[in-house]
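Peer 1: Supplied in structure tokens, the structure appears directly below.
2 protein chains.
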Amino acid sequence: MTSASKPQGRLLYAQSGGVTAVINATAAGVIEAARAKGVQVYAARNGILGALREELIDTGKETKAAIAALRHTPGGAFGSCRYKLKSLEANRPEYERLIEVFRAHDIRWFLYNGGNDSADTALKISQLGKAMNYDIRCIGVPKTVDNDLAVTDCCPGFGSVAKYTAVSTLEASLDVASMADTSTKVFILEVMGRHAGWIAAAAGLAGEGADAPPHIILFPERTFDEAAFLAKVKATVERVGWCTVVASEGLLNAEGQFLAEAGTRDAFGHSQLGGVAPVLASLVKEKLGYKYHWALPDYLQRSARHLASKTDADQAYAVGKAAVEYALAGMNAVMPVIVRTNDAPYRWKIEPAPLSKIANREKKMPASFLTRDGFGITAAARRYLAPLIQGEAPLPYGKNGLPQYIALKNTAVARKLEPFAR
Amino acid sequence: MTSASKPQGRLLYAQSGGVTAVINATAAGVIEAARAKGVQVYAARNGILGALREELIDTGKETKAAIAALRHTPGGAFGSCRYKLKSLEANRPEYERLIEVFRAHDIRWFLYNGGNDSADTALKISQLGKAMNYDIRCIGVPKTVDNDLAVTDCCPGFGSVAKYTAVSTLEASLDVASMADTSTKVFILEVMGRHAGWIAAAAGLAGEGADAPPHIILFPERTFDEAAFLAKVKATVERVGWCTVVASEGLLNAEGQFLAEAGTRDAFGHSQLGGVAPVLASLVKEKLGYKYHWALPDYLQRSARHLASKTDADQAYAVGKAAVEYALAGMNAVMPVIVRTNDAPYRWKIEPAPLSKIANREKKMPASFLTRDGFGITAAARRYLAPLIQGEAPLPYGKNGLPQYIALKNTAVARKLEPFAR
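Take a look at the structure:
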């Protein structure tokens with residue numbers, strides 16, 4: 001922005017997909033940057049659905065302090081959603097409705113904060129805006145604990161779940177180590193990552209060397225080899241006295257099924273989801289006879305703002321701020337991505353990248369990040385992962401001992417359109 | 001101690017049962033207080049087993065900084081054990097062996113850091129010392145996340161797991177709230193507490209009022225009422241949009257069975273332990289059709305020193321220090337207990353209480369702490385619980401983004417006896 005004049009129109013911000021410990025830091029970056037330029041920010045309630053339903057929130061009703069507090073509040077302050085727009089061909093009315101809502105509220109910039117699906121949606125809207133002769137700039141803003149976005153070096157949200165996982169692995173291992181003589185010998189921690197083992201890999205930062213936990217990491221990138229797994233558990237218990245295993249929820253058996261669904265049945269005979277840890281625990285008990293414990297932190301891992309990585313929180317804020325700068329500078333169909341310029345000391349910057357290179361792509365973990373036996377991470381992986389969990393991001397606690405998380409007023413904007421009949 | 005002369009003999013410290021985020025703070029309190037009096041502290045490796053096996057550790061080999069670092073390191077620094085000595089009548093040789101080891105190493109004070117079993121053991125050893133004409137002072141030092149020790153107002157270890165549980169409930173609920181429109185509607189957090197619902201109750205501190213999470217707490221003190229539970233889940237989802245449930249692992253069905261064992265079978269047909277959450281989740285899915293997620297933090301909750309309560313960490317240190325003072329003052333068969341002198345502002349002090357009033361007793365949660373429907377906590381419970389999670393207990397983080405936990409040298413003391421043949 002070289003012009004000092006106030007930009008015309010409003011900016012719409014929406015959160016998409018699974019939320020994270022720092023997605024609201026991105027929202028703070030967006031709102032604070034826009035306010036600084038005199039631009040009004042609306043937020044869509046429950047992500048893109050709020051835009052379709054014309055359920056918009058006027059963030060201008062929030063105090064400066066409330067917006068600043070977003071920087072340390074987990075979850076999605078305006079609501080998010082799991083809702084993927086179909087292709088333009090399959091559901092053109094939805095896209096047209098979005099443009100209609102934008103037009104009614106003079107939305108000239110749309111910032112969509114999500115993963116590769118959301119990047120695709122933002123890209124399509126930018127194209128349709130042109131086709132419908134409506135001037136709209138669409139910016140994708142990166143967010144995902146899965147760390148699977150293309151182009152960007154890492155994804156805001158991942159660093160914090162990585163730190164949570166590494167710290168939890170370390171702490172629980174200290175517990176197991178002190179009890180192993182007479183109690184639990186094998187501890188299994190199940191972490192998120194349906195298709196890629198980035199989070200599981202981060203557990204590897206808890207320790208280094210064969211005897212340090214985690215002793216075994218099970219990645220979705222490697223087919224589960226029961227014999228090799230059991231042999232390594234046994235060898236570890238015999239050598240170290242105990243064994244910490246970190247398993248990705250997406251672990252597959254030789255038939256390509258999720259291990260979590262392959263064995264366990266609940267009381268109703270249904271296969272039980274989200275439980276690879278108990279399956280592995282039963283195996284260890286059955287085949288090796290060791291006492292086990294297992295943990296499955298589920299949402300705790302991605303909402304643990306109390307243990308966020310400073311690197312991650314800073315980057316989350318920075319991509320929000322950059323997204324506004326790009327939008328107001330007239331860029332379209334881009335995403336602010338994180339570029340690593342140095343490993344140690346870690347240095348990074350934000351650059352725009354075309355959404356067309358990000359939409360619908362999935363970044364896999366490089367094969368070079370896994371050790372030959374597939375049960376650990378390499379030095380290359382450590383070099384990549386280590387900076388992402390660095391630094392703490394303190395937050396204010398109340399006298400009641402709880403973090404002081406903000407609940408926004410989320411004041412609705414008056415509707416101008418008829419309800420959307422899909 | 002009014003005398004300025006150095007006390008004669010050594011002090012033995014042992015950790016017992018499940019470890020906590022702050023049991024090592026107690027160890028720090030013991031060692032620092034003893035060092036200040038010029039008394040040498042040995043620690044038993046793996047709890048009472050180390051005493052039986054004559055596996056003793058000379059804590060004098062550790063630096064001042066290392067002992068200070070214990071104050072912020074979770075787990076059991078010298079190892080703990082699940083091993084209950086039988087009665088004097090059933091296994092007198094074990095007790096005699098302990099006295100033999102004490103005599104060989106001039107152990108004149110024995111500090112046993114554990115729960116009600118350990119209090120019983122310490123009491124029995126004190127009695128046998130008299131019978132065997134060996135001058136030994138036995139002090140029980142309180143520790144248990146279960147908060148079920150008699151006499152003491154609360155137990156070191158509990159406040160921190162309480163804080164972890166309240167904060168995790170709050171954070172995960174922010175996540176669920178933001179996704180509920182299109183995704184998870186019911187989130188179930190399973191917490192420890194086999195026989196008493198203290199930890200589950202602490203989750204109630206996350207929010208207050210019918211619409212604030214947790215909406216439902218399931219206590220082992222109340223038989224699981226499936227119909228009432230499902231009705232409340234449904235009403236909550238319909239009113240609030242989502243529902244957070246916190247369930248104690250010790251939840252019982254009408255037949256008096258653990259719900260966790262009553263339904264689920266693993267791949268081998270064994271009942272699966274430690275999983276009341278998946279059983280409840282299946283029920284919610286089956287009967288109400290809601291999308292669910294569940295979490296089971298297991299050891300993560302009791303080892304999370306990164307989220308410890310300052311109240312708890314301070315009390316853990318204080319009972320260690322007081323135990324040494326009592327021992328050196330010649331007291332025997334007592335435990336330093338926490339006495340609450342005021343609720344708000346919270347004030348507490350440490351006093352000695354006879355082990356005979358603590359050994360083998362279990363403090364239940366008062367019935368007045370549970371709401372009439374049995375799904376929540378009362379104002380009385382809040383008044384009791386609130387101070388225990390107050391204050392944060394910061395710890396040093398390394399440049400690598402991990403807490404700087406200490407690993408002691410744990411230098412072995414040379415043996416003087418033949419191995420113990422049980």
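If you read the protein sequences in the order shown, they are chains A and B.
Each residue of the first sequence is one higher than the last, beginning at 1 in the UniProt record's numbering.
Each residue of the second sequence is one higher than the last, beginning at 1 in the UniProt record's numbering.
Glycine included, every Cβ here is placed at the ideal spot set by N, Cα and C.
1. State the beta-bridge partners of Ala247 (chain B) as determined by DSSP.
2. Is the separation between the beta-carbon of Asp146 (chain A) and that of Gly193 (chain A) shorter than 8 Å?
3. Could you list which residues in chain A have their beta carbon closer than 7 Å to that of Ala177 (chain B), in chain order?
4. Along chain B, which residues have their Cβ under 7 Å away from the Cβ of Val233 (chain A)?
5. Which residue or residues does DSSP assign as beta-bridge partners of Ser126 (chain A)?
6. So Arg302 (chain B) contacts chain A; which residues on that side make the cut at Cβ distance below 8 Å?
7. Should Val319 (chain A) and Ala33 (chain A) be called a contact, given that it needs their Cβ atoms to be closer than 8 Å?
8. From which residue to which residue does the alpha helix (DSSP H) around Arg302 (chain A) run?
9. Given a threshold of 16 other Cβ atoms within 10 Å of its Cβ, counted over all protein chains shown, does Arg372 (chain B) qualify as buried or as exposed?
10. Pick out whichever of A:Lys364, A:Ala21, A:Gly275 has its Cα sitting closest to the Cα of Leu300 (chain A).
11. Does the region 386 to 399 of chain A come close enough to the region 395 to 406 of chain B to have 3 or more Cβ pairs within less than 8 Å?
12. Give me the DSSP bridge partner(s) of Met335 (chain B).
13. My guess is that Val141 (chain A) and Met331 (chain A) are in contact by the Cβ rule of under 8 Å, so how many angstroms apart are they, rounded?
14. Find the residues of chain A that neighbour Ser80 (chain B), judging by a C-beta separation of less than 7 Å, and give them in chain order.
15. Quick check on this structure: which residue in A:Pro214, A:Phe258, A:Ala254, A:Phe219 has the alpha carbon closest to the alpha carbon of residue 426 (chain A)?
16. Would you mind working out which of B:Glu418, B:Glu362, B:Arg82, B:Ala14 sits nearest Lys195 (chain B), comparing C-alpha positions?
17. Buried or exposed: which applies to Arg92 (chain B), given that a residue is buried once 16 or more other Cβ atoms fall within 10 Å of its Cβ?
18. Between Gly391 (chain A) and Thr341 (chain A), which are expected to be in contact by the criterion C-beta below 8 Å, what is the C-beta distance as a whole number of angstroms?
19. Can you tell me whether His105 (chain A) is helix, strand or coil according to DSSP?
20. Does the beta-carbon distance from Tyr95 (chain B) to Gly47 (chain B) come in below 8 Å?
21. Output needed in chain order: residues of the region 395 to 415 of chain A with a Cβ under 8 Å from some Cβ in chain D.
22. Flag this pair as yes or no: are the beta carbons of Trp294 (chain B) and Ile188 (chain B) separated by less than 8 Å?
23. Excluding the 5 residues preceding and the 5 following Leu252 (chain B) in the sequence, name in chain order all residues of the same chain whose CB lies nearer than 7 Å to its CB.
24. At which residue ranges does the region 127 to 158 of chain B contain complete beta strand (DSSP E) runs of 3 or more residues, listed in the order of the chain?
25. Give me the Cα-Cα distance between Ile358 (chain B) and Asp148 (chain B), rounded to the nearest whole angstrom.
26. Would you kindly work out how many angstroms separate the C-alpha atoms of Tyr112 (chain A) and Gln404 (chain B), rounded to a whole number?
27. Mind checking Asn360 (chain A): buried by the 16 CB within 10 Å criterion, or exposed?
28. Would you identify the three-state DSSP class for Val413 (chain A), choosing helix, strand or coil?
29. Taking only the alpha-carbon atoms, compute the straight-line gap between Arg415 (chain A) and Leu174 (chain B) and give it to the nearest angstrom.
30. When Cβ atoms are compared, which residues of the region 294 to 318 of chain B fall closer than 9 Å to chain A?
31. Please tell me whether Arg10 (chain B) and His105 (chain B) are closer than 8 Å, where the distance is taken between their beta carbons.
32. Straight-line CA distance for Phe229 (chain A) to Glu171 (chain A)?
33. Arg305 (chain B) to Val237 (chain A), Cα distance in whole Å?
34. Taking 8 Å as the threshold (beta carbon to beta carbon), is Pro336 (chain A) in contact with chain B?
35. Leaving aside the five residues before and after Arg103 (chain B) along the sequence, list all residues of the same chain whose C-beta is less than 8 Å from its C-beta, in chain order.
36. Just list the residues that DSSP pairs Phe229 (chain A) with in beta bridges.
Peer 2: According to the data block:
1. As a working mapping, residue 247 (chain B) is identified with position 247 in the second sequence. Its beta-bridge partners are B:Glu190, B:Leu218.
2. Position 146 of the first sequence holds residue 146 (chain A). Position 193 of the first sequence holds residue 193 (chain A). Yes, these two residues count as a Cβ contact at 8 Å.
3. Taking the second sequence and counting its residues from 1, one reaches residue 177 (chain B) at position 177. Correct list: Gly75.
4. One-based indexing of the first sequence puts residue 233 (chain A) at position 233. Residues of chain B passing the Cβ test: none, with the nearest at roughly 17 Å.
5. Looking up residue 126 (chain A) in the first sequence gives position 126. In DSSP, Ser126 (chain A) forms no bridge with anything.
6. Looking up residue 302 (chain B) in the second sequence gives position 302. The contacting residues are Asp175.
7. In the first sequence, counting from the first residue as 1, residue 319 (chain A) sits at position 319. In the first sequence, counting from the first residue as 1, residue 33 (chain A) sits at position 33. No, these two residues do not count as a Cβ contact at 8 Å.
8. What you label residue 302 (chain A) is simply residue 302 of the first sequence in a count that begins at 1. 299 to 303 is the span of the alpha helix (DSSP H), which, as asked, contains Arg302 (chain A).
9. Counting from 1 along the second sequence, the entry for residue 372 (chain B) is found at position 372. So Arg372 (chain B) counts as exposed.
10. As a working note, residue 300 (chain A) is residue 300 in the first sequence. Per the Cα distances, A:Ala21.
11. yes
12. Numbered from 1 along the second sequence, position 335 holds the residue referred to as residue 335 (chain B). B:Ala353, per the DSSP bridge assignment.
13. As a working note, residue 141 (chain A) is residue 141 in the first sequence. As a working note, residue 331 (chain A) is residue 331 in the first sequence. Contact flag wrong, Cβ pair sits at about 13 Å.
14. Stepping through the second sequence from its first residue, residue 80 (chain B) is reached at position 80. Correct list: Ser178, Met179.
15. Lying before the first or after the last residue shown, residue 426 (chain A) is absent from chain A, which here runs from 1 to 422.
16. Stepping through the second sequence from its first residue, residue 195 (chain B) is reached at position 195. The sequence given here places His at residue 195 (chain B); Lys does not occur at that position. For the residues B:Glu418, B:Glu362, B:Arg82, B:Ala14, the minimum Cα distance to His195 (chain B) belongs to B:Glu362.
17. As a first step, residue 92 (chain B) is located in the second sequence; it is residue number 92 there, counting from the start. Arg92 (chain B) should be labelled exposed.
18. In the first sequence, the residue the question calls residue 391 (chain A) occupies position 391. In the first sequence, the residue the question calls residue 341 (chain A) occupies position 341. No, Gly391 (chain A) and Thr341 (chain A) are not in contact; Cβ-Cβ is about 17 Å, not under 8 Å.
19. Working through the first sequence from its first residue, we reach residue 105 (chain A) at position 105. Residue state, collapsed to three classes: coil.
20. Residue 95 (chain B) sits at position 95 when you count from the first residue of the second sequence. Residue 47 (chain B) sits at position 47 when you count from the first residue of the second sequence. Their beta carbons are not under 8 Å apart, which means Tyr95 (chain B) does not touch Gly47 (chain B) by this criterion.
21. The question asks about chain D, but that chain is absent: this structure's protein chains are A and B.
22. Stepping through the second sequence from its first residue, residue 294 (chain B) is reached at position 294. Stepping through the second sequence from its first residue, residue 188 (chain B) is reached at position 188. Yes, the Cβ-Cβ distance between Trp294 (chain B) and Ile188 (chain B) is below 8 Å.
23. For this step, residue 252 (chain B) is matched to residue 252 along the second sequence. Hits under 7 Å: Pro220, Thr223, Phe224, Phe258, Leu259.
24. 137 to 142
25. Locating residue 358 (chain B) in the second sequence gives position 358, counting from the first residue. Locating residue 148 (chain B) in the second sequence gives position 148, counting from the first residue. Rounded to whole angstroms, Ile358 (chain B) to Asp148 (chain B) spans 10 Å at the Cα level.
26. Here residue 112 (chain A) refers to the residue found at position 112 of the first sequence. Here residue 404 (chain B) refers to the residue found at position 404 of the second sequence. Taking the straight line joining both Cα atoms gives about 38 Å.
27. Here residue 360 (chain A) corresponds to residue number 360 of the first sequence, with the count starting at 1. Asn360 (chain A) comes out exposed.
28. The sequence position of residue 413 (chain A) within the first sequence is 413, counting from 1. In the structure shown, Val413 (chain A) sits in coil (DSSP, three-state: anything other than H, G, I, E or B).
29. For the purposes of this step, residue 415 (chain A) is identified with residue 415 of the first sequence, where counting begins at 1. For the purposes of this step, residue 174 (chain B) is identified with residue 174 of the second sequence, where counting begins at 1. Cα to Cα, Arg415 (chain A) sits roughly 27 Å from Leu174 (chain B).
30. Trp294, Ala295, Leu296, Pro297, Asp298, Tyr299, Leu300, Gln301, Arg302, Ser303, Ala304, Arg305, His306, Leu307, Ser309, Lys310, Thr311
31. By one-based count along the second sequence, residue 10 (chain B) stands at place 10. By one-based count along the second sequence, residue 105 (chain B) stands at place 105. Yes. Within cutoff.
32. For the purposes of this step, residue 229 (chain A) is taken as the residue at position 229 of the first sequence. For the purposes of this step, residue 171 (chain A) is taken as the residue at position 171 of the first sequence. Answer to the nearest angstrom: the Cα atoms are 23 Å apart.
33. Translated into positions along the second sequence, residue 305 (chain B) becomes position 305. Translated into positions along the first sequence, residue 237 (chain A) becomes position 237. Straight-line Cα distance between these residues: approximately 25 Å.
34. Numbered from its first residue, the first sequence carries residue 336 (chain A) at position 336. No, no contact with chain B.
35. On the second sequence, residue 103 (chain B) is found 103 positions in, with the first residue counted as 1. Within the same chain, Arg103 (chain B) has close Cβ partners Tyr134.
36. Sequence index remark: in the first sequence, residue 229 (chain A) carries index 229 (1-based). According to DSSP, which records beta bridges pairwise, Phe229 (chain A) is partnered with nothing at all.
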